[in-house]
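Down below is the structure, laid out as structure tokens.
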Amino acid sequence: MLNKNKLLSQREVNVIPDVSKALSWLEAHPNALKGIGRGIERETLRVKPDGHLAESRHPDSLGSALKHDWITTDFAETLLEFITPVDQNIDHMLAFLRDIHRHVARELGDERMWPFSMPCLIDDADRIELAQYGSSNIGRMKTLYRQGLKNRYGALMQTISGIHYNFSLPLSFWQEWADVKDAESGKETISAGYLRLIRNYYRFGWVIPYLFGASPAISSSFLQGRESKLPFETDGKDSLWLPYATSLRLSDLGYTNKSQSGLGITFNSLEGYVKALKAAIKTPSEEYAAMGTKDAEGNWLQLNTNVLQIENELYAPIRPKRVTRSGEAPSDALLRGGIEYIEVRSLDINPFSAVGVDANQVRFLDLFLIWCTLADAPEMSADELLCSRKNWNRVVLEGRKPNQMISVGCSETEHPLVEVGKALFDDLHRVAEVLDSNQGSTQYQQVCDQLVASFDDPELTYSARILQAIKENGVTGTGIALAEQYRHMLCEEPLEVVSEEDFTRQALESVAAQKKLEEEDTLDFEAYLASREG
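So the sequence shown is numbered by full-length UniProt numbering: it starts at 1 and just counts up by one.
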């Protein structure tokens with residue numbers, strides 16, 4: 001009876017591509033999914049016990065933020081970023097991530113790690129210190145790039161934190177699925193497969209903020225007196241929220257760059273994507289040209305006056321990636337070797353986890369990204385990409401609204417979000433059975449069963465659960481309590497997979513590597529920047 005109901009719901013919601021053939025193939029080739037590569041990057045602000053942003057420098061005991069493999073900084077000195085190596089084992093990857101948190105928690109003294117994506121109390125955005133990477137040309141350039149971000153978008157937006165999930169399918173999958181012989185000769189086919197994944201992600205990835213969005217509220221200090229058109233409710237103190245929001249981080253309040261919407265960057269071919277991206281870093285911006293690259297005193301304001309200073313400035317919920325060689329631009333790496341993995345950038349910090357993400361989320365992303373690879377994905381125009389953005393906006397601002405509707409692309413036909421979500425999970429459950437059969441467990445199926453309930457009961461979503469706590473204790477009060485709870489927990493726990501010796505060695509080697517860079521620089525900074533522009 002269950003399967004009949006599933007088929008009915010699938011036909012009823014014909015917005016979901018028919019992947020029955022692909023799923024049947026997958027069920028006949030379960031070994032093709034053995035060896036999925038994963039990695040996590042977690043950002044978190046360092047805060048004082050009272051919930052205000054810390055003002056201290058990146059701790060020397062953690063090593064060089066420029067050269068450390070696992071512990072660095074993002075936009076600001078106070079914005080930590082933790083990076084796990086590529087891993088095929090979920091539990092080991094999360095244990096590695098937790099060990100980084102345990103080590104850092106012990107090194108932070110009285111400071112804590114903020115448990116939310118949206119920032120803590122920030123009294124004066126001008127006092128946020130940009131991340132510092134030393135006196136080498138590359139170090140100075142990284143700081144100057146951040147100066148440009150600050151001047152273009154404001155420092156507050158740059159202190160928003162998230163989780164990035166890096167995912168790659170094993171070569172064996174592409175060999176079975178697409179008759180690829182090896183990674184080099186099959187790079188065009190593999191790249192086309194990942195671009196198909198990306199197009200489906202744009203069409204259906206709103207399911208991620210629906211389930212896992214955890215930023216329905218902000219501290220009023222985030223607005224710094226600016227007006228917002230959003231109809232916020234408030235506790236009359238420091239907390240503002242939208243009653244049905246899932247992820248304000250992904251809204252126009254968070255990471256946006258309106259000048260990027262006209263770039264025409266699409267994901268139909270790797271060459272087309274790279275060409276449009278390269279054009280963006282060469283396209284002058286009137287707004288940024290008016291700002292100039294230096295002020296009247298000769299101080300640098302930004303790297304250049306183009307729409308994008310560098311490729312990483314493109315704000316996207318998902319990116320095609322390849323590990324770069326020394327001095328290589330990300331797009332050149334993609335052209336050289338094809339897409340190696342994809343980076344999912346739509347995950348809010350999970351406030352219910354001491355490390356900002358949990359195994360259930362990782363397993364869901366595995367299922368969803370595999371589905372995105374298998375499902376047909378017609379080419380997307382730049383216009384359809386903009387239409388999909390409207391769909392996402394609807395979910396991030398009022399995804400839990402009763403009877404919420406959803407569409408695909410620029411279609412005027414709308415469907416109940418609940419029905420689309422449940423139809424998607426019918427497919428995901430079949431993928432879960434294949435992954436579980438490889439591991440002799442039911443963990444993926446349990447994740448499906450647990451998460452699908454969030455469509456019938458939106459109160460089970462992360463955003464609804466955290467909003468309830470915020471309404472009771474405020475954004476700051478809730479954040480302080482969780483930060484203190486996790487600090488105590490992490491400081492008490494022993495390391496699992498990384499030793500203190502490993503952390504000490506990484507710190508010392510990173511400092512030595514930065515020093516070597518600084519000693520070997522021969523060009524002055526302006527000549528160095530000119531050489532990169534060329």
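Cβ coordinates follow ideal geometry from the N, Cα and C atoms, glycine included.
(message) Rounded to the nearest angstrom, what separates residue 481 and residue 286 at their Cα positions?
(response) 45 Å
(request) Please list, in chain order, all residues of the same chain as residue 144 whose beta carbon is under 7 Å from its beta carbon, the five residues on each side excluded. (result) Cβ neighbours of residue 144 beyond the five flanking positions: 300 and 303.
(request) Give the straight-line distance between the Cα atoms of residue 162 and residue 71, rounded to the nearest whole angstrom. (result) 15 Å
(message) Does residue 542 come out as helix, strand or coil in the three-state DSSP assignment?
(response) A query on residue 542 cannot be resolved here, the shown segment of the chain reaching from 1 to 534 and no further.
(request) To the nearest angstrom, report how far apart residue 539 and residue 20 are at their CA atoms. (result) Since the first and last residues shown for the chain are 1 and 534, residue 539 lies out of range.
(message) In the DSSP assignment, the alpha helix (DSSP H) including residue 370 goes from what residue to what residue?
(response) 359-374
(message) Given a cut-off of 8 Å on the beta-carbon distance, is the pair residue 498 and residue 96 in contact?
(response) yes
(message) Taking 8 Å as the threshold (C-beta atoms), are residue 221 and residue 238 in contact?
(response) Result yes, Cβ atoms of residue 238 and residue 221 sit closer than 8 Å.
(request) Kindly indicate the opening and closing residues of the alpha helix (DSSP H) around residue 294. (result) Unbroken run through residue 294: none, as it is neither H nor E.
(request) Less than 8 Å between the CB atoms is what I'm expecting for residue 63 and residue 511, so what's the real figure, rounded? (result) That pair is a contact at about 6 Å.
(request) Quick one: residues in its chain with C-beta nearer than 6 Å to the C-beta of residue 7, no 5 flanking neighbours on either side, listed in chain order? (result) Residue placement at residue 7 cannot be trusted, given a pLDDT of 42 that sits under 50; what the coordinates show is reported in the next sentence. Counting only Cβ-Cβ distances below 6 Å, and skipping sequence neighbours, we find nothing.
(request) Spell out a yes or no on whether the stretch 456-467 and the stretch 424-442 are touching, meaning 3 or more CB-CB pairs, one atom from each, closer than 8 Å. (result) no
(request) State the Cα-Cα distance for the pair residue 184 and residue 169, rounded to the nearest angstrom. (result) 15 Å
(message) Among the candidates 250, 272 and 478, whose CA atom is the shortest distance from the CA of residue 209?
(response) 250
(request) In angstroms with no decimal places, state the Cα-to-Cα distance between residue 428 and residue 369. (result) 10 Å
(request) Helix, strand or coil for residue 5, going by three-state DSSP, please let me know. (result) With a pLDDT of 44 at residue 5, under the threshold of 50, the modelled position of this residue cannot be trusted, and the question is left open.
(message) Please state the DSSP three-state secondary structure of residue 29.
(response) coil
(message) What residue range does the beta strand (DSSP E) around residue 320 cover?
(response) Unbroken beta strand (DSSP E) run through residue 320: 318-321.
(request) Return the Cβ separation of residue 191 and residue 270 in integer angstroms, given the expectation that the two are a contact with Cβ distance under 8 Å. (result) Taking C-beta atoms under 8 Å as the contact rule, residue 191 and residue 270 qualify, at a distance of about 5 Å.
(message) Taking only three categories from DSSP, how would you classify residue 252?
(response) DSSP, read as helix, strand or coil, puts residue 252 in coil.
(request) Hey, could you find the ends of the beta strand (DSSP E) residue 82 is sitting in? (result) 79-83
(message) Here's the rule I'm using: 16 or more other beta-carbon atoms within 10 Å means buried, otherwise exposed. How should residue 229 be labelled?
(response) Of the other Cβ atoms in all chains shown, fewer than 16 fall within 10 Å of the Cβ of residue 229; this residue is therefore exposed.
(request) Determine the closest residue to residue 67 out of 86, 132 and 385, with distance taken between C-alpha atoms. (result) 132
(request) Look at residue 114 and residue 469 and say whether their C-beta atoms are less than 8 Å apart. (result) Contact: no.
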